[in-house]
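This report refers to the structure that appears directly beneath it.
Number of protein chains: 2
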Amino acid sequence: MDAHSRKELDRILHPRSVAVVGASASPGKFGWIFLKSLIHIGFSGNLYPINKNVDEILGYKAYPSLAALPEVPDMVVVTIPARHVPDALEEALAAGVPGAVVITAGFGEDSDEGKLLEARVKEIAGRGIRVIGPNCFGVYSPRAGITVIPGSGFSRESGPVGFFAQSGGLTADLGQIAIGRGVKFSAMVSYGNAADVGELDMLDYFAHDPNTSIIAAYLEGVSDGPRFLRLLTEVAAKKPVIIWKGGASATGARMVMSHTGSMGGQAAIWDAVFNQTGAVKVRGLTELIDTLAAFSSLYPRAGRRIAMMGGGGALGVEASDIVDELGLVMPVFDGEIQAEINKHLPEFGKSAKNPVDTGTPLIGADPLAEIMRIIAGRDNVDVIFVVQLLFHSQVLMRRVAGQAQAPLALFAHYPKLAEMAGEISIGSGKPVIAVLPQTSITQSDEDLELEREIRRAADAFQSAGCVVFPTIDRALKALARVAGYQEYRELHGRAAAD
Amino acid sequence: MDAHSRKELDRILHPRSVAVVGASASPGKFGWIFLKSLIHIGFSGNLYPINKNVDEILGYKAYPSLAALPEVPDMVVVTIPARHVPDALEEALAAGVPGAVVITAGFGEDSDEGKLLEARVKEIAGRGIRVIGPNCFGVYSPRAGITVIPGSGFSRESGPVGFFAQSGGLTADLGQIAIGRGVKFSAMVSYGNAADVGELDMLDYFAHDPNTSIIAAYLEGVSDGPRFLRLLTEVAAKKPVIIWKGGASATGARMVMSHTGSMGGQAAIWDAVFNQTGAVKVRGLTELIDTLAAFSSLYPRAGRRIAMMGGGGALGVEASDIVDELGLVMPVFDGEIQAEINKHLPEFGKSAKNPVDTGTPLIGADPLAEIMRIIAGRDNVDVIFVVQLLFHSQVLMRRVAGQAQAPLALFAHYPKLAEMAGEISIGSGKPVIAVLPQTSITQSDEDLELEREIRRAADAFQSAGCVVFPTIDRALKALARVAGYQEYRELHGRAAAD
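Residue numbers (our numbering), protein chains in the order written: chain P, 67 to 564; chain S, 67 to 564.
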């Protein structure tokens, strides 16, 4: 893709004026929801509902056609029924609109009639208007104040992750789940049936976008295997590219690197893609969000030598099972360091070897920070895990230790601990990962109060620059992915840069 | 193990009288916490604190020694320092106490001196008192009102799962996490260093316990490989035995089936154990609790042919990736059934193929139940998944559809949907699995309200006999384990029963 094409995409992602073709005055219709979403997220450019039958929608003057607008909008969003979409795009093209997002479904994915409509969309796009879609949830662009459907809860705060996917639903799910995980986006693009803009364009766009330092995608298939492979190799040597290759289905057959068409063949080819290109493989929404959280916080400071500290649960058990397998190392501390750590631990039930087990969860911010400081000073540790089982703390404090009415005083030290963890991390250059297991699906209201405190603690750690995970194993797996990519980059990135 | 031994264990798990050697009047000490826990969970038998220096602890008359008690207690719990433990056990043996739980740490796991103390404990046990521990968190027995440390929040409601582990911390973690997942226990036993009672005793005990229909264990090693393998084969042909084999560490070397002592060798041996015996392999706390939830609700009604229904997110995407791999099948519905389902779906953005995608999350209980009823009537479906992305519902309802102040009215239909799901499940004999993704770690207070509604919905489904998972992939994996065991049981269980 050339610089001109990238600029066209950039305009769709950051429009100063948007027309909504199919804007509706009926609450609940896509053409209404989308307008409402733009207003809610705070789009500050000019907004033009296009609707022949009403004068005004949601406080905005409605226009009967694109031609009637006082200016040529940077982008049109199309939500009218599929059979009318080609005409609307012709009109946009004629008006000189550079880009369109077609939300409407009912194209190639639906029927033979839809395939013909999609071919027309493709043909019109070829004549000079860039089209995202059809059959998608559109674009989320926090800097521009553009959001996907359904996504009016998305943040205006932008971040390092550029994401693209065919699936609109997945894009909306990811955006929603990202909110609480400290993952922020430069942009998200769901391009649906990819009549025009597809994975090659998006990969190239984010590769050159100075606001994107982490690229992620959910892909069901690619349109041009060899080109995609070449581009991916080039891009992954410079920026991490995290890919969830999903849907080993008919769409996979579009992958033209192989002629087998078998699912096994597809999987093998994709494994080769991941091995050759340095792209980071994930599977499923949980792995995707965990990996994005890890890269956002840890890259490029990750490493394979970890220390773990915590207490009051099965601390080492969960970790020891998978540390080896992931290629991570939990070095045993020497006697001198153990003695130093032991000064801050209770007399019984503890261990200072690594993991450092405080024995009880009832331990304050100061001794934990002291231990963290000692660990951060060790040459053989790259990353520090602090595991806090707040549910045990609650039980011990409120139900057992006789402070049933105490206002969860125990949790009061988390802002302080998080702040100190952030300082130690910055001072030592070593990332701190906080593991704060959540409570279960159904709990009493009392446990909902615990949930609130856990979230506040998580928030404090995230604000201090530490990444938070709900389980040890998910944290370890995400760390291993960052460390693995760093090693690839070390080997191949320089060669690519030379 | 003979019937007599089982009866001895049964008495420790269901004592009518308990003495606490090391009971303390100082809040926070183990000997105080444990007493407090017993009071909190509501132990209704006679409770005797043993303490020379005080007359009374927490309202209970204290006695200077076991010999001074008005009766011989069924069980003593020992929380005094390790060096005094052998003498206390001698005293209990002399008094005729049949069983002891030694919480105290500082034995074989700690030092050479501790190893000698542990040998003494073992020798005393051999003379006629059954000992659980040392270095453990004890026993949780909901029917008897006995609880582990730290576990006073545990329920008095008993259930089908008998669990044992060396690790006390893990046992406490599992008990805590189980509370909201609908998993209920006949008993949990953490046996620590296994000076006397170990994995063979516990497996045998639960195999014969009429209150236990699902057995689960976390094992780091076994003391007698061949015997364990024989017993496991026998038991797993009758009851599901779910094992997390953890800690591929030095403790693994105790596994005498092999002389390699290598971790790879250990892993290979354990894989063979799982293949040969029908024991169900899990790894990590999350898999363990998911599998227990699945067996508690689905066994023996599971099957490999699934239908999935939901909408407003990436419904099929998450599932299609792993259904094949897990040996599950998602049969495509024929045109007639699709037409029937389509009657209850909105005009656009839907699919009735399987998964059934309602397109929007904003759909009421009645159409969902109608669709569920149609699906439950299909011969080629064994299990029904209903996936509800309540976070999207909230966004659409409160922020977009203009009902910002609505009291989460959308969620009001979940009790009704859950009730109907329960009825359809009972009527058809087909399990219904509800997937209700939780929100993220850190969220605003508004999202905490959403979390509360999700939990209420989950609670409603669980009360109606449906099992609830937070993600599709975790639900699928847990189902596959139950289906796999059922097939094993079908093949081998009968042979064993003949």
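Glycine residues also receive a C-beta, built at the ideal position from the N, C-alpha and C atoms.
Closest in alpha carbon position to P/G204, among P/Q332, P/D387, P/E184 and P/A260, is P/A260. Looking at the DSSP output, S/S362 shares a beta bridge with no other residue. If you draw a straight line from the Cα of S/I146 to the Cα of P/S252, it is about 59 Å long. Within the model, the alpha-carbon separation for S/D267 versus S/A273 is close to 10 Å. Within the same chain, T537, I538 and D539 come within 8 Å of S/E384 by CB-CB distance, once the 5 residues on both sides are set aside. Residues of the region 444–458 of chain S with a C-beta atom less than 9 Å from some C-beta of chain P are L455, F457 and H458, listed in chain order.
In the DSSP assignment, S/R371 forms a beta bridge with S/V395. Under the DSSP definition of a beta bridge, S/L113 partners with S/V84.
Look at P/S386 here: in three-state DSSP terms it is helix.
By the CB criterion at 8 Å, S/M141 and S/I243 fall outside the cutoff.
The secondary-structure analysis by DSSP pairs P/M141 across a beta bridge with P/V84 and P/G165. Within the DSSP bridge table, the entry for P/Y284 names P/A231 and P/W310 as partners. Comparing C-alpha distances from S/C532 to each of S/E553, S/E402, S/A360 and S/A380 shows the shortest one belongs to S/A360. Taking a contact as a CB-CB distance under 8 Å, the pair P/I437 and P/I403 does not count as one, their CB atoms being some 10 Å apart. Using a 10 angstroms sphere on the CB of P/A418, the tally of other CB atoms reaches 16 or more, which defines it as buried.
Secondary structure at P/G291: helix, using DSSP grouped into helix, strand and coil. A distance of 8 Å or more separates the beta carbons of S/D262 and S/V214.
If you ignore the 5 residues before and after P/G415, its C-beta comes within less than 6 Å of the C-beta of G425, all in its own chain and listed in chain order. Counted as a single uninterrupted DSSP element, the beta strand (DSSP E) harbouring P/S256 occupies residues F251 to S256. Sorting S/G377, S/G258, S/G225 and S/S224 by C-alpha distance to the C-alpha of S/L236 places S/G258 at the top. Counting along the chain, the unbroken beta strand (DSSP E) around S/I198 starts and ends at R196 to I198.
At least one CB atom of chain P sits nearer than 8 Å to the CB of S/S233. Apart from the 5 residues on each side of it in sequence, P/Y480 sits with its Cβ closer than 6 Å to the Cβ of A523 and A526 in its chain, given in chain order. Contact with chain S is found for P/G350, since one of that chain's Cβ atoms lies less than 8 Å from the residue's Cβ. At a cut-off of 8 Å between C-beta atoms, S/R518 counts as an interface residue with respect to chain P. If you look at P/K347, you'll find it isn't in any alpha helix (DSSP H); it sits in the beta strand (DSSP E) that goes V346 to V348. In this structure, the CA atom of S/F230 is about 7 Å from the CA atom of S/Y284.
Only residues of its own chain outside the window of five on either side were considered, and among them G211 have a CB closer than 8 Å to the CB of P/S110, listed in chain order. For S/F96, the enclosing alpha helix (DSSP H) has its first and last residue at F96 to I107. Two segments are said to touch when three or more pairs of C-beta atoms, one from each, lie closer than 8 Å; by this definition the region 169–183 of chain P does not touch the region 125–141 of chain P. Between S/V453 and S/L381, the C-beta spacing is below 8 Å. When Cβ-Cβ separations below 8 Å define contact, P/G312 makes contact with chain S. Rounded to whole angstroms, the separation of the alpha carbons of S/I116 and S/P503 is 49 Å. For the region 526–559 of chain P, the set of residues with a beta-carbon nearer than 7 Å to any beta-carbon of chain S comprises Q528, V534, P536, T537 and D539, in chain order.
Between P/A373 and the set P/P208, P/F173, P/L483 and P/D423, the nearest pair of CA atoms involves P/D423.
Under DSSP, P/D423 takes part in a beta bridge, and its partners are P/G376 and P/S417.
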